[in-house]
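Here is the structure we will look at, set down as structure tokens.
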Amino acid sequence: MRLVKTFLAALILASPASAQVLSESEARKSLFPTRGHVVQVSGKLSKFDQNIVRQIVPLMAKQLRQPVRYYATIAYSPDDGVVHDSLQAAMNFHTPQAADRAALAACNKLKSRSANGCRVAARVVPKRYKPRPLTLSIDATAGFNSIYRKAKSPKSFAISRKTGNWAVGKSDGAAINSCEKIGRPGDCEIVIRD
């Protein structure tokens, strides 16, 4: 099966996940499986650069000694090229847009001073990805399946929309406090509640 696909305009323009709080059953329908992903390579890259970017994802997995987890983005500076320190990746975010923002910010910090802004070179998303009411990183989805679904009600699931942080608690406050202990104050919100 071909794992590399060209960006779809709809994905580039996709809006971030809504702030709606879902129930456990609604979240189960919305979340993607934790297995299987595709690498979407930007059609704006030359064929040569597309091939380089396609090779980067397996190299990243090898260096990290773990699979590259969705949602991930690789950003590059067109002026510096894909073989430059400004090539940056952000992994294990809850949405493609959050991964984009993190990778682009990291790339823009390292690009040459005279270079224009960075762009998205590739994204790692679940197989058959389409925007849904709620998306979570692989780690958060696994936590939803192994922790949240087994917990008794009342229970809440909090995430950070800026990072891959997440937490489960017996109340909204407990989940948010746990989420923010590993993140920033005011950064977490409830996305699932029962």
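Just so you know, the sequence shown maps onto residues 1 to 194 in my numbering.
Heads up, the beta-carbon is just placed ideally off N, CA and C, and yes, glycines get one too.
query = In this structure, what does DSSP give as the bridge partners for residue 37?
reply = As a working note, residue 37 is residue 37 in the sequence shown. Partner(s): 126.
inquiry  = Can you list, in chain order, the residues of its chain with a C-beta nearer than 7 Å to that of residue 37? Leave out the 5 residues immediately preceding and following it.
reply    = As a working mapping, residue 37 is identified with position 37 in the sequence shown. 70, 124, 125, 126 and 127.
inquiry  = What does the Cβ neighbour count give for residue 40, buried or exposed, with the cut at 16 atoms within 10 Å?
reply    = Counting from one through the sequence shown, the residue named residue 40 turns up at place 40. Burial of residue 40 is indicated by the presence of at least 16 other C-beta atoms within 10 angstroms of its C-beta.
query = Between the Cα of residue 101 and the Cα atoms of 24, 141, 89 and 139, which residue gives the shortest distance?
reply = Taking the sequence shown and counting its residues from 1, one reaches residue 101 at position 101. Between residue 101 and the set 24, 141, 89 and 139, the nearest pair of CA atoms involves 89.
inquiry  = Once DSSP output is grouped into helix, strand and coil, what is the label at residue 50?
reply    = To locate residue 50, count along the sequence shown from 1; it is residue 50. Helix.
ask   = Where do the N-terminal and C-terminal ends of the alpha helix (DSSP H) with residue 138 fall, by residue?
value = Stepping through the sequence shown from its first residue, residue 138 is reached at position 138. Segment 138-143, the alpha helix (DSSP H) holding residue 138.
key: Length of the line joining the Cα atoms of residue 52 and residue 83   = On the sequence shown, residue 52 is found 52 positions in, with the first residue counted as 1. On the sequence shown, residue 83 is found 83 positions in, with the first residue counted as 1. Across the structure, residue 52 and residue 83 are spaced so that their CA atoms are roughly 9 Å apart.
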